[in-house]
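Asker: Take this structure first; my questions come after.
Residue numbers (the numbering used here): 209 to 1223.
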């Protein structure tokens, strides 16, 4: 058995031979080759970082090159009734509100948008308010929006340390929207934990939040907090009262709370677990009868089982009714029970009756709905029984009828003697989602009148059970049901490919029938639908679309408005920026063209739906890789490269050329399936201790060069030895795009080797490096620099490989110098694993005692040395070298102008005293211009623990989490590295394009934001 030092250590490759400075019995041998291109060939030999084993320190180096170091509109009241006064109306929040010709929409990406919908077929954004946090829901009263947010993150500056502390709460923001163009915050209120639910009763807003003991900054034990705010006077909004109570959940399993509300009281409960299969929920009653908002803790009631949704609790005519099932979803042996309680007041609640439901087999309670003196319960395993319950005698609840059917029901909406239900049926070939119509006029004999399926092979809804009724829109006056959904559809090809779809399913209904009509597509996950001015509105977090539904079988989109701009990647060409926008929910992708002067604008000059791109292959799955497509540009054309996958995950490389000559109408100039795999378009493979520099694709004007190398994975065997790496076939795929309508492809084979580094470009010369293990000693290897001139892509010039000490990091054509990373492997006896991992940044420890893993053992590691060489046409000469510290390894390399930025790390291990080690940071190296190596370092703690993104000249761009931001490490003077945060962002970024002193940051669903990198 082998004890590995990293989480991905199963892929680590054993170190080969040699010694490391500072170890007993070790020595350092420094070799210099002759001047470039002398008649005697140079012969640099390195330790093979992927060799089968290391050499003992006493073995001779034999002249080897040595290296040291280590590298529906607003929802109304859906709760039960009560005895409160009529003016104490109950209002529910939602993510949309419609009032006075305006649509108010909350998007988790763009905050609050106010849209003028007063004119048919015209959508006009009239106001927007962006905010931190994840929008939950909102109310609209008297020109004020009360918007609720969970995960509201604030970064508090510590003046003493200069660092930030992240604090997360929930928050209610009161926004004056009387002038949509000038939305003004008039109050904000922080709430503990995450929001479970809320109501407005009369002039008081009640919010229920839950802390599960694990959320950031939460209480250490689960608890529920109810907060009341007075909202009667928009000019005087204030917290009235707050009540917190602990939850009996010793295992900390607590989940969000479900809430049922009357005008006089709230019933609050959620999943609890006591560690047994008999877990149950406690229903806490809070008296809210005071019109001013005072809260009084009332009685508590033990439910027979778990409360997982609001629909399991209901007060009707002075009786609380509860249906629940003991245990959790993995235990369906216990039977659900119906409980009734007499409610004299919030403080006085007494049991009335109980009935245990009789099930045909052990099943799990899925959904519940009360309707006056009736109740309906759904349980499911493979089939889905509907149980009808008579509650007309609260002391004796009676189970009357049962109906078995396929699938299961997620939510039910009573309509007198009819029941409309929304659910799932994965076994159906007509669609995994369904709407069903039941006749419940005879409770002892319920029947299913009709069921329609939709949603593709499998589907989902955007809301949980406590909020699904706000999405499941039943328009009784139109006899139409609107269902927002997302799903997956398989295509007709034999390989089982398919795509995501999102939209609004239309279903017509009468008393006895359901008729499936058309579906209105949505961009993004469809969340709400409503009809206004004879138009269907489809709302997602990304877009509002309107549809003409005169023909309900074929809705026609007539207008759309973007709520959130999705930008996955961007590239600058001339005075234009080309953005790639891909939506996971629909597998849809598009190209958007915007002015370079205003690259973050929501509405582009023009856009191109990439759905018209075909794979060009019978075995390809369109769209499977477009979200991560590489995008390049030259002149008036953009180039897209992406991988598509067939059902067996065989990949292909796809190419599309986009004509930008008319920015308002970009078009596909050509497309082509390239004859090689697409796996490596964004990945260089894994070669153990080899330090990878460069990219998998480089550009020289209208020429793209793609690295086509099989993935370099090597695994340890059980005994700790590395399997011999197989020969790797490698080539450069050269794509000539000088004729955009007819791309030309040429393949150039690379020399045979055990592995290859990434590509770099210097003018029109493409550089990479490869290594070849010595035939008689695979623990050592020769490394070579490979150069291919693509000035004429139809006839590339391949130069002779040049033997150099180690793998290529950077090359400068003007000086003819290369910076390389050389390797030596070492094996030594370590006292224990701490001694091994405390010495090397990346190591492998094999204890002699394989049973206890304690005591001494063999430590194998690789040392790294920076080397500077003069590179001639056929030979190279060593100019300088600089060993790296053994206790650091290198995971990423970014090459700038005479600057190589390396992200370093060390092992995290726990010493006997409990202390840990963190050696991460940035190592900067130069020397290509000066002719001698110079280095400097900055620890990650001084860089905000951010992640490096790219090198630009002599600076490194760094993306930070706390808060999300872009910073620059300026390495113009290696004696004084400077770090400066240049700008904060709405979200963390992984893709940045630099144009002059502007960083164009692609934030996915949060759009594109610009950071000024200037002084």
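Glycine is no exception: its CB is placed at the ideal position from the N, C-alpha and C atoms. Keep in mind it's a predicted model, so treat the numbers as computed, not measured.
In whole angstroms, what separates the C-alpha of residue 769 from that of residue 632?
Answerer: Cα to Cα, residue 769 sits roughly 31 Å from residue 632.
Asker: Does the segment 1193-1211 come close enough to the segment 1162-1170 that 3 or more CB-CB pairs lie under 8 Å?
Answerer: Yes, the segment 1162-1170 is in contact with the segment 1193-1211.
Asker: Would you check if the distance between the CB atom of residue 624 and the CB atom of residue 663 is smaller than 7 Å?
Answerer: No; because the gap between Cβ atoms is not below 7 Å, this pair is not in contact.
Asker: Please report how far the alpha carbon of residue 881 lies from the alpha carbon of residue 861, in whole angstroms.
Answerer: One C-alpha to the other measures close to 6 Å.
Asker: Quick check: the Cα distance between residue 937 and residue 961, rounded to an integer number of angstroms?
Answerer: One C-alpha to the other measures close to 8 Å.
Asker: Quick check on residue 639: does DSSP put it in helix, strand or coil?
Answerer: DSSP places residue 639 in coil when its eight states are reduced to three.
Asker: Which word fits residue 908, buried or exposed, when buried means at least 16 other C-beta atoms lie within 10 angstroms of its C-beta?
Answerer: Classification for residue 908: buried.
Asker: In whole angstroms, what separates the C-alpha of residue 293 from that of residue 471?
Answerer: Caution is warranted here: a pLDDT of 43 is assigned to residue 293, below 50, making its placement in the model unreliable, and no coordinate value can be reported.
Asker: Please classify residue 1066: does DSSP put it in a helix, a strand, or coil?
Answerer: Of the three classes helix, strand and coil, the one that applies to residue 1066 here is strand, per DSSP.
Asker: For residue 465 versus residue 418, is the C-beta spacing smaller than 7 Å?
Answerer: The answer is yes: Cβ separation under 7 Å.
Asker: Looking only at C-alpha atoms, which of 1197, 1084, 1111, 905 sits nearest to residue 253?
Answerer: Cα-wise, what sits closest to residue 253 is 1084.
Asker: Under 8 Å Cβ to Cβ from residue 905, same chain only, skipping five residues before and after it: list those, please.
Answerer: Cβ within range, chain order: 838, 840, 849, 889, 912, 913, 914, 915, 967.
Asker: Please report the Cβ distance between residue 1056 and residue 1063, rounded to the nearest whole angstrom; I am assuming they are in contact, meaning their Cβ atoms lie under 8 Å.
Answerer: Right, the Cβ-Cβ distance comes to about 7 Å (below 8 Å), so this counts as a contact.
Asker: Ordered along the chain, which non-local residues of its own chain (more than five positions away) have a Cβ less than 8 Å from that of residue 875?
Answerer: These residues qualify, in order along the chain: 816, 866, 867.
Asker: Rounded to the nearest angstrom, how far is the Cβ of residue 1229 from that of residue 673, given a contact under 8 Å?
Answerer: A question about residue 1229 goes unanswered here, because the residues of the chain that appear run from 209 up to 1223.
Asker: I'd like the span of the beta strand (DSSP E) that includes residue 851, first residue to last.
Answerer: 845-853 is the extent of the beta strand (DSSP E) around residue 851.
Asker: Please classify residue 559 as buried or exposed, where buried requires at least 16 other C-beta atoms within 10 Å of its C-beta.
Answerer: Answer is exposed; the Cβ neighbour count stays below 16.
Asker: From residue 302 to residue 572, what distance separates their C-alpha atoms?
Answerer: Rounded to the nearest angstrom, the two C-alpha atoms are 29 Å apart.
Asker: Using alpha carbons as the reference points, say which of 696, 719, 613 lies closest to residue 688.
Answerer: The residue with the shortest Cα to Cα distance from residue 688 is 719.
Asker: For residue 673, which beta-bridge partners are listed by DSSP?
Answerer: DSSP lists no partner for residue 673.
Asker: Have a look at residue 416 and residue 811 and give me their C-alpha separation to the nearest angstrom.
Answerer: About 38 Å.
Asker: With three or more beta-carbon pairs closer than 8 Å as the criterion, would you say the segment 604-611 touches the segment 550-568?
Answerer: Yes, they touch.
Asker: Taking residue 1025 and residue 1077 to be in contact with their CB atoms under 8 Å, please state how far apart those CB atoms are, rounded to whole angstroms.
Answerer: Confirmed, about 7 Å.
Asker: Rounded to whole angstroms, what is the Cα-Cα separation between residue 744 and residue 690?
Answerer: Straight-line Cα distance between these residues: approximately 9 Å.
Asker: Just verifying my parser: in three-state terms, what is the DSSP assignment at residue 814?
Answerer: If DSSP states are grouped into helix, strand and coil, residue 814 belongs with the strands.
Asker: So what does DSSP say about residue 1087, is it helix, strand or coil?
Answerer: Reduced to three states, the DSSP call for residue 1087 is strand.
Asker: So is residue 869 buried or exposed if we call it buried at 16+ other beta carbons inside 10 Å?
Answerer: Burial call: exposed.
Asker: Taking the C-alpha atoms as reference points, what is the distance between residue 896 and residue 257?
Answerer: C-alpha separation (whole angstroms): 7 Å.
Asker: Decide if residue 394 is buried, meaning its Cβ has at least 16 other Cβ atoms within 10 Å, or exposed.
Answerer: Exposed, by the Cβ-count rule.
Asker: Is it the case that the Cβ atoms of residue 1139 and residue 1104 are separated by a distance below 7 Å?
Answerer: No, these two residues do not count as a Cβ contact at 7 Å.
Asker: Within 10 Å of its beta-carbon, does residue 1137 have 16 or more other beta-carbons around it, so buried, or fewer, so exposed?
Answerer: It counts as exposed.
Asker: Can you name the residues that DSSP bridges to residue 882?
Answerer: Paired residue(s): 861.
Asker: Take the Cβ of residue 946 as the centre, count every other Cβ of all protein chains shown within 10 Å, and call the residue buried at 16 or more, exposed below.
Answerer: Under this definition residue 946 is an exposed residue.
Asker: Could you pull out every residue in the same chain whose Cβ sits closer than 7 Å to the Cβ of residue 764, ignoring the five residues on either side in sequence?
Answerer: Only 755, 756 meet the Cβ criterion.
Asker: Got a sec, what are the start and stop residues for the beta strand (DSSP E) residue 157 sits in?
Answerer: Here the chain has residues from 209 to 1223 only, and residue 157 is not among them.
Asker: Cα-Cα, which of 983, 970, 985, 1001 is closest to residue 943?
Answerer: Looking at the Cα atoms, 1001 is the closest of the given residues.
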